[in-house]
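Quick mapping for you: the protein sequence lines, in order, are chains L and F.
For the first sequence, this note's numbering assigns the number 1 to the initial residue and increments by one for each residue that follows.
For the second sequence, this note's numbering assigns the number 1001 to the initial residue and increments by one for each residue that follows.
Number of protein chains: 2
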Amino acid sequence: MARTRGSRADITGPLIREHARRLIARHGYAAVSMRKLADAVGVQVGTLYGHIPDKQALLMDLMRSHMETLLDDWRDDPQATPVRRLERFVRFHIAYSLDHSDGVFLSYMELRNLEPDNFHAIGLLRRRYEDSLERILKDGVAAGTMTIADSRLTTMALIAMLTGVTNWYRAGGRLDRDRLSDVYWGLVQGSVGVT
Amino acid sequence: MARTRGSRADITGPLIREHARRLIARHGYAAVSMRKLADAVGVQVGTLYGHIPDKQALLMDLMRSHMETLLDDWRDDPQATPVRRLERFVRFHIAYSLDHSDGVFLSYMELRNLEPDNFHAIGLLRRRYEDSLERILKDGVAAGTMTIADSRLTTMALIAMLTGVTNWYRAGGRLDRDRLSDVYWGLVQGSVGVT
DNA sequence: GTCTATATTTAGATAGAC
DNA sequence: GTCTATCTAAATATAGAC
Chain L
1 MARTRGSRAD ITGPLIREHA RRLIARHGYA AVSMRKLADA VGVQVGTLYG HIPDKQALLM
61 DLMRSHMETL LDDWRDDPQA TPVRRLERFV RFHIAYSLDH SDGVFLSYME LRNLEPDNFH
121 AIGLLRRRYE DSLERILKDG VAAGTMTIAD SRLTTMALIA MLTGVTNWYR AGGRLDRDRL
181 SDVYWGLVQG SVGVT
Chain F
1001 MARTRGSRAD ITGPLIREHA RRLIARHGYA AVSMRKLADA VGVQVGTLYG HIPDKQALLM
1061 DLMRSHMETL LDDWRDDPQA TPVRRLERFV RFHIAYSLDH SDGVFLSYME LRNLEPDNFH
1121 AIGLLRRRYE DSLERILKDG VAAGTMTIAD SRLTTMALIA MLTGVTNWYR AGGRLDRDRL
1181 SDVYWGLVQG SVGVT
């Protein structure tokens, strides 16, 4: 039991990431000092550097893990019809965005604070996710069940529309989540001309 | 001609705002120091404070003037049909977003850096703009030329979709602006069930 | 109106004790 | 693994000269 003062090695690392995600999502990367982060976690500043090399690495860790979880959670079903696959994508994206709103917000807002190499790496992961949607749209056109003027533009437009839900939806509000997804799915169906 | 050293009172104020808009849109409010701003403008730090009270007032000035210009430039035409009014809104919003991309981006990203009173004031202006779109959608439903499950949600979804164009559109790219607006207008028509 | 100089606070990061 | 103490740089803002 030769423990030092407040040692809890197993949980401090995750705690730092949790608080950093929340604080940066709320106030922005540059506005969250290492001291404020340490205060939120309940440790001293120096302690942070036992878990992360520097502030930029912390941001990159948050963004990379967010994108990897997103890509890992989304599983397209190539057996289903394109329309059904699109519906699954819409409902998945909304649910994921609401369940991980801080991560979604942060990953979108803090791209500009990544150093060039990190920016490029995250860009590749984002592109993979976008492409998985574009694949569905192209398959829908090929199958004759969707009408789309420009699949790339439509991909970007739909993702912007769906992700925007994090900006105004508040739990306990006028709409419940199922109803929310239903309405969005209706908008998407119309916009891609589902027959 | 008793001018002091580099005095050019008439243009320094506007120059400060122009550079601040560009720098904050690119790097974020907290990341742009008054020194960096002064460097970009070509004056010393102290000079800035002859034109603005403090950094927060500068941000608020940028956001307020942006919203007021937006509201002033958008003129609905109550004589036209709802569908025609919606088309005008879509094309206006895209053109405005591309012509003022720094201002649009900044006004969206830096809301969280406004002090409470300022946040509230900007929120009211944003709400007025949103309401002008929702009015069109409601009129379209009443006229029987649009099918909309939830006008408020659809308003937020459409604005998010249209504003998203600033995130990926680059002048000189694959699409010209007219073609871009055409495609977006097609998406919007479908999503609100224009008959 | 602008510059130089400075007051004061806060930032990211590290060293060494426990 | 964590804390205390500290280094160095950079932040916002102001005072007074020209």
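We treat Cβ as the ideally placed atom computed from N, Cα and C, and that holds for glycine.
Neighbouring residues, chain L, relative to residue i (Cβ below 7 Å)
| i | result |
| --- | --- |
| F/ASP1039 | Those within 7 Å of F/ASP1039 in chain L number zero; the least Cβ separation is about 17 Å. |
| F/LEU976 | The requested residue 976 of chain F does not occur in the structure, where chain F is confined to residues 1001 to 1195. |
| F/MET1109 | MET109 |
Candidates the options, of which the one nearest residue i by Cα
| i | options | result |
| --- | --- | --- |
| F/ASP1039 | F/ALA1020, F/HIS1051, F/ASP1054 | F/ALA1020 |
| F/ASP1099 | F/ILE1148, F/PRO1116, F/ALA1171 | F/ALA1171 |
| F/THR1081 | F/GLY1144, F/ILE1094, F/ASP1131, F/ASN1113 | F/GLY1144 |
| F/GLY1123 | F/VAL1032, F/TRP1185, F/MET1063 | F/MET1063 |
| L/LEU48 | L/GLU130, L/LEU158, L/LEU111, L/THR12 | L/THR12 |
| F/ASN1118 | F/ARG1152, F/VAL1043, F/SER1065 | F/SER1065 |
| L/ASP150 | L/ALA121, L/TYR169, L/LEU125, L/VAL192 | L/VAL192 |
| L/GLY42 | L/GLY28, L/PRO14, L/TYR29, L/ALA30 | L/PRO14 |
| F/ALA1030 | F/ILE1052, F/LEU1114, F/HIS1051, F/GLU1087 | F/LEU1114 |
| F/ARG1026 | F/PRO1078, F/ASP1072, F/VAL1045, F/GLU1110 | F/GLU1110 |
| F/LEU1137 | F/THR1147, F/TYR1129, F/ARG1128 | F/THR1147 |
| L/TYR108 | L/ILE24, L/ARG17, L/GLU18, L/ASP10 | L/ILE24 |
| F/ASP1077 | F/GLU1018, F/SER1132, F/HIS1051, F/SER1101 | F/SER1132 |
| F/ALA1121 | F/ALA1142, F/GLY1046, F/GLY1190, F/GLU1068 | F/GLU1068 |
| L/ARG22 | L/ARG75, L/VAL104, L/PRO53, L/ARG152 | L/VAL104 |
| L/ASP102 | L/THR163, L/ARG174, L/THR195 | L/THR163 |
| L/ALA72 | L/VAL45, L/GLN44, L/GLY50, L/LEU125 | Reading off the sequence shown, one finds Asp at residue 72 of chain L, where the question assumed Ala. Nearest C-alpha to L/ASP72: L/LEU125. |
Three-way DSSP call (helix, strand, coil) for residue i in this model
| i | result |
| --- | --- |
| F/ARG1174 | coil |
| F/MET1034 | helix |
| F/TRP1074 | coil |
| F/ASP1054 | coil |
| L/ILE148 | coil |
| F/VAL1043 | coil |
| F/GLY1013 | helix |
| F/LEU1114 | coil |
| L/GLY103 | helix |
| F/GLY1028 | coil |
| F/ALA1080 | coil |
| F/GLY1186 | helix |
| L/THR195 | coil |
| L/ALA2 | Confidence at L/ALA2 is low in this model, with a pLDDT of 39, below 50, so the placement of that residue is unreliable and no value is reported for it. |
Amino acids of chain F, ordered along the chain, whose beta-carbon sits closer than 9 Å to that of residue i
| i | result |
| --- | --- |
| L/TYR184 | LEU1153, ALA1157 |
Chain F residues whose Cβ lies nearer than 7 Å to that of residue i
| i | result |
| --- | --- |
| L/ALA30 | GLY1028, ALA1030, ALA1031 |
| L/ALA149 | VAL1183, GLY1186 |
| L/ARG112 | ARG1026, HIS1027, GLY1028 |
Interface residues of chain L facing residue i [CB-CB closer than 9 Å]
| i | result |
| --- | --- |
| F/ASN1167 | TYR108, MET156, ALA160 |
| F/GLY1164 | MET156, ALA157, ILE159, ALA160, MET161, THR163, GLY164 |
Under 8 Å by beta carbon: chain L residues contacting residue i
| i | result |
| --- | --- |
| F/ASP1117 | Those within 8 Å of F/ASP1117 in chain L number zero; the least Cβ separation is about 18 Å. |
| F/LEU1058 | Ordered by position in chain L, no residue passes the 8 Å Cβ test against F/LEU1058, which lies about 16 Å from the chain. |
| F/LEU1175 | ASP150, LEU153 |
Residue i: CB within 7 Å of a non-hydrogen atom of the ligand COA
| i | result |
| --- | --- |
| L/ILE94 | In the structure shown, the ligand COA is absent, as is every other ligand, since no ligand is present at all. |
Evaluate contact between the stretch 172-186 of chain L and the stretch 1178-1190 of chain F, counting only Cβ atoms and requiring at least three cross-stretch pairs below 8 Å. They do not touch, by the three-pair rule.
Quick check: the stretch 46-63 of chain L against the stretch 20-34 of chain L, are there 3 or more CB pairs under 8 Å? These segments touch.
Assess contact between the stretch 77-97 of chain L and the stretch 150-162 of chain L, defined as three or more Cβ pairs (one per stretch) separated by less than 8 Å. Is contact present? With contact defined as three or more Cβ pairs closer than 8 Å, the stretch 77-97 of chain L and the stretch 150-162 of chain L are in contact.
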